[in-house]
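Undergrad: Mapped onto this note's numbering, the consecutive letters of the sequence shown carry residue numbers 27 to 278. Each residue gets a CB set at the ideal place from its N, CA and C atoms; glycine is no exception. In this text, all values refer to a predicted model and were calculated from it rather than measured experimentally.
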Amino acid sequence: MIVDWASKFNWDEVDTVLLDMDGTLLDLHFDSHFWMHHLPQRYSDKHGIPADQVIADLQQRLAARQGTLDWYCTDFWSRELDIDVVDLKREVKHLINERPQCLDFLRALGDRGKKRILITNAHRDSVDIKFAVTGIQPLLDEVISSHDYGCPKEDQRFWQQLQQNLPFDPARTLFIDDSEPVLRSAQVYGIAHLLAIETPDSQQAPKICFGIPAIQNFSQILNLPNQTEEKTSQQISEKTSAKAKIKGRENG
Ligand SMILES: [Mg+2]
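(1) Kindly provide the ranges of any beta strand (DSSP E) runs that are 3 or more residues long and lie completely inside the segment 178-247, ordered along the chain.
(2) Once DSSP output is grouped into helix, strand and coil, what is the label at residue 115?
(3) Would you kindly work out how many angstroms separate the C-alpha atoms of residue 75 and residue 67, rounded to a whole number?
(4) How would you call residue 234, buried or exposed, if buried means at least 16 neighbouring beta carbons within 10 angstroms?
(5) Could you pull the start and end residues of the alpha helix (DSSP H) that residue 104 belongs to?
(6) Among the candidates 238, 154, 140, whose CA atom is the shortest distance from the CA of residue 146?
(7) Leaving aside the five residues before and after residue 114 along the sequence, list all residues of the same chain whose C-beta is less than 7 Å from its C-beta, in chain order.
(8) Please say whether residue 217 and residue 50 have beta carbons closer to each other than 7 Å?
(9) Can you grab the Cα-Cα spacing for the pair residue 209 / residue 150, in whole Å?
(10) Would you grab the beta carbon distance between residue 109 and residue 156 for me? Rounded to a whole angstrom, and I think it's under 8 Å.
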């Protein structure tokens, strides 16, 4: 069920909006496809190892690094796998896409005078690829990669450094992210307003609610110009899927 909070969410209590990138502003489908299909296939081609064996091995290696900066680091995985991860990402960059209403949401925040700060665990190399093929960069006031601080958003030291670097009032800040450990970390630090994303990957089922309020669409918290055209989540997913297929054909 889609909850309409647009008339209830009190924007007068918020002057800074911290925004995650992958799975929040952008569709997580690109990252899922890259790590579960494209990278294993290319590694398999290079080393002559069956792709299913590569996937199993990679999942183990990823699990061992989960929650650390290495997990998000293109330099680390390029070294670890002896393959140029950034080059491989560029090969499938046509799959990178904004989530529905992302650009309208960022514009509307700007129109209301809210400070829009991207805080991502993605490496700057990955951020650059995504900025090159989406329209989000001009609609952001600040861009912070946790690699700048040497620790991920899951770590309290990230928030301490963010506070020193870009003074903001946690009591007047909204943070939107699709990761439970990251949202919990922000909660511990004292960010007052937290929202999760129900469907970070347009090709996957919605995530199970983990006790933090979640939204399917940005129009649930802010009236957006095109929200009268809002479709059900299934229709949005189908639309996104069709767009990805068309782009795939154009590039393939
Ligand atoms: Mg994310």
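TA: On the basis of the data shown:
(1) 199-203, 219-223
(2) helix
(3) 9 Å
(4) exposed
(5) 100-107
(6) 154
(7) In its chain, beyond the 5 residues on either side, 64, 65, 68 have a beta carbon closer than 7 Å to the beta carbon of residue 114.
(8) no
(9) 21 Å
(10) Not quite, the Cβ-Cβ distance comes to about 20 Å (not below 8 Å), so this is no contact.
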